[in-house]
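Each residue of the sequence shown is one higher than the one before, counting from 559 in the working numbering.
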Amino acid sequence: MPGFTSAEVQNLKASYEKAGQGHVFTYYDSLSEPEQKAFVEQLQKIDPARVHKLRDLALNPPKEEGQAVVEPLPDSATASIIDSKPEDIQRWYDLGLELIGKGEVAVVLLAGGQGTRLGSKAPKGCFDIKLPSHKSLFQIQAERILKVQELAAKQAADPSKAVIPWFIMTSGPTRGPTEKFFKKEKLDELSEEENASRAKGVPYFGLEPKNVTIFEQGVLPCITNDGKFMLASKGKLAVAPDGNGGLYKALQDEGVLEKMRPNIKHIHAYCVDNCLAKVADPVFIGFAAEQKVKIATKVVRKRDAKESVGLILQKNGKPDVVEYSEIDDATCQAADPKQPNLLKFRAANIVNHYYSFEYLDSMGDAVNSLPPHIAKKKIPFFDTEKGEAVNPTSPNGIKLEQFVFDNFKWLNLNEFACFEVKREEEFSPLKNADPAQKADGSFEKQPEDSPTTSRRHIKEQGLRWVEAVGATVKNGDADKGLEVSPLTSYVSLHASSRPVI
């Protein structure tokens, strides 16, 4: 049985025809029953009227009146781990641990990306950056959750409540492999050696399976330049993930908000490719909770005026993210009047956010108004006029994606906060493969945001931590560093002895 009635199919056809997309049913009658079922299920998940609205919003964004005025966020909305008073940092840390100890904190991981640019077919979170432990990004982050739960439990009135639910947002291609990876099942995307090594660990890296929820972000159809949905085959739409901004709709559609509703009041969200991310950071959570804001974001200082990063600032009196390309040279180079040795605009966006549950739960239909961005791409498609598959050699269509920070501008300044952290302690993105190597093993050019830089940054951090407590490190490590397990320490080491490691 097809699993749907002819009336349901007719209603579906009518909704697509009304949106000017009736052509997607061109080959429907020629499909087998299983193919029809799969096609209908795909089409039912997409609202063609919503997609039309998003495309129109992308092509005709609201015009801003007058010239945009950009300024740094007010002091009342900012704090820095670099120059805050120790007693303030301690107060935020204690508050964050208290909230975790009450079971009021959840973590959302943005993990929809594949490791294609790293030379891997597996989800990026499965990637091994070649630490001595060979821990994947997923395992490193899971162990940070385990450690901070342990720290919170020691201070909690009821230690059993010190649990941090982990909600992992995947995409269509990464959901299945991610679920297998957490269950320690064999992954076709990994080598035999990698699968054998990974099988030695425990499922879910020691976390309780009931506290790990893997869900899937939505997709949007690929669209021709004249607005028609593209087919990947006779019975399948060509689609692409809706961007990290699809988080907000996915939280609703996948039932995540309902799972959070009984206890969760504070959410930390971050990207899987940042190996230094302080998962469920008590200081950050405590800071944001004390500020009573709807959204807070972590930033690092720009390395220099020309670093190509988005900036967190206020634009026309609202919090916003402005891309490097949107700011003129004079603004980029401007010095901070209060601290002339620093840039005036230096708050670099690292996509690491706090949300109050109340805010996420209140978004409602606003998730459909998040402004999409257009990416012109070469998109393989099935030509309904010629009846054949086409692999284009130049851009032939567009993909729509939403950015997770595009709702910042919907808030008032007193509803938003910015927290500056040290780059070397909290931000090392994994974006690129390592460069080619010379015969002597050195790289042809400097690695940038690669497995090597990620590995080095973790080891350099570990070295700083142990040296800070008086240890002398003589381990002959090729990266001149030391890996410290998250299960040993969440942020730093505390010891009175001075061992030689």
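Beta carbons are placed, not taken as given, at the ideal position from N, Cα and C, and that holds for glycine.
All of these numbers come straight from a predicted model, not from anything done at the bench.
For residue i, tell me which candidate among the options has the shortest Cα-Cα distance.
i	options	result
V841	C976, N949, D831	C976
A1062	L748, R861, A846	Only positions 559 to 1059 of the chain appear in this structure, which leaves residue 1062 out of reach.
R904	F597, A892, S914	A892
E1041	W1023, S1008, Q594	W1023
S920	K823, T855, E751	K823
V909	L709, D831, Q625	D831
E982	L834, Y882, S691	L834
I647	L570, P767, D839, D941	D839
F915	S749, E662, K603	E662
N821	K1032, A720, Y651	A720
V706	P723, F940, N1033	P723
K688	S755, D641, I640	S755
In whole angstroms, what is the alpha-carbon distance linking residue i and residue j?
i	j	result
K543	G999	Residue numbering for the chain in the displayed model covers 559 to 1059; residue 543 lies beyond these limits and cannot be assessed.
V979	D886	26 Å
F963	T1010	29 Å
K741	V1049	28 Å
F773	E816	13 Å
E973	A827	17 Å
R1014	S986	10 Å
N899	Y912	29 Å
A616	I932	7 Å
G922	E575	27 Å
E566	E848	50 Å
L765	K758	16 Å
D784	N618	14 Å
E984	Y585	51 Å
S588	K792	9 Å
L1045	L704	7 Å
F739	K1017	25 Å
F685	F1001	21 Å
G580	Q600	15 Å
A743	K989	It should be noted that the sequence gives Glu, not Ala, for residue 743. Rounded to whole angstroms, E743 to K989 spans 26 Å at the Cα level.
I1059	P690	For I1059, the predicted model reports a pLDDT of 38, less than 50, meaning its position is unreliable and no value from the coordinates is stated.
A1053	A1029	With a pLDDT of 41 at A1053, under the threshold of 50, the modelled position of that residue is not reliable, and the figure given next carries that caveat. Going by the C-alpha atoms only, they are around 9 Å apart.
Pop quiz: residue i and residue j are said to be a contact at Cβ under 8 Å. What is the actual Cβ separation, rounded to whole angstroms?
i	j	result
E701	S1043	7 Å
Q872	L612	About 26 Å separates the two Cβ atoms, so there is no contact after all.
L524	K852	One cannot answer for residue 524 here, as it falls past the ends of the chain, which runs 559 to 1059.
V665	V837	6 Å
A680	T728	Actually they are not in contact, since the Cβ atoms of A680 and T728 sit about 12 Å apart, beyond 8 Å.
G804	Q960	6 Å
G844	L653	4 Å
Q672	T732	6 Å
A906	R859	7 Å
D992	S1008	5 Å
Worksheet item: Between the segment 791–800 and the segment 949–968, do three or more beta carbon pairs fall short of 8 Å?
Response: yes
Query raised in the report: In chain order, which continuous runs of the alpha helix (DSSP H) of length 4 or greater are located wholly inside the segment 656–713?
Result: 695–713
* Count the CB pairs spanning the segment 940–951 and the segment 601–612 that are closer than 8 Å, and state whether there are at least three. => The segment 940–951, when compared against the segment 601–612, does not touch it at the 8 Å Cβ threshold.
Check: Which whole runs of the beta strand (DSSP E) in the segment 948–1017 are 3 residues long or more, in chain order?
Finding: 955–960, 974–978
- Message: Pairs of beta-carbons, one from the segment 923–934 and one from the segment 873–881, closer than 8 Å: are there three or more?
- Response: Verdict: no, contact absent.
* At a cut of 8 Å, does the segment 802–815 reach the segment 763–779 through at least three beta carbon pairs? -> yes
| said: Under 8 Å: do the segment 702–720 and the segment 658–666 share three or more Cβ pairs, one atom per stretch? | reply: In short, these stretches touch, since the Cβ pair count reaches three.
Margin query: With three or more beta-carbon pairs closer than 8 Å as the criterion, would you say the segment 692–710 touches the segment 634–652?
Written below: These segments do not touch.
Contiguous beta strand (DSSP E) assignments of at least 3 residues, all confined to the segment 767–802: DSSP runs (the beta strand (DSSP E)) wholly in the segment 767–802: 770–774, 777–779, 789–791, 797–799.
**Residue ranges of each beta strand (DSSP E) within the segment 734–767, 3 or longer** = Entirely contained in the segment 734–767, not one beta strand (DSSP E) run reaches 3 residues.
Pick out the complete beta strand (DSSP E) segments inside the segment 827–857, 3 residues or longer, and give them in chain order. none
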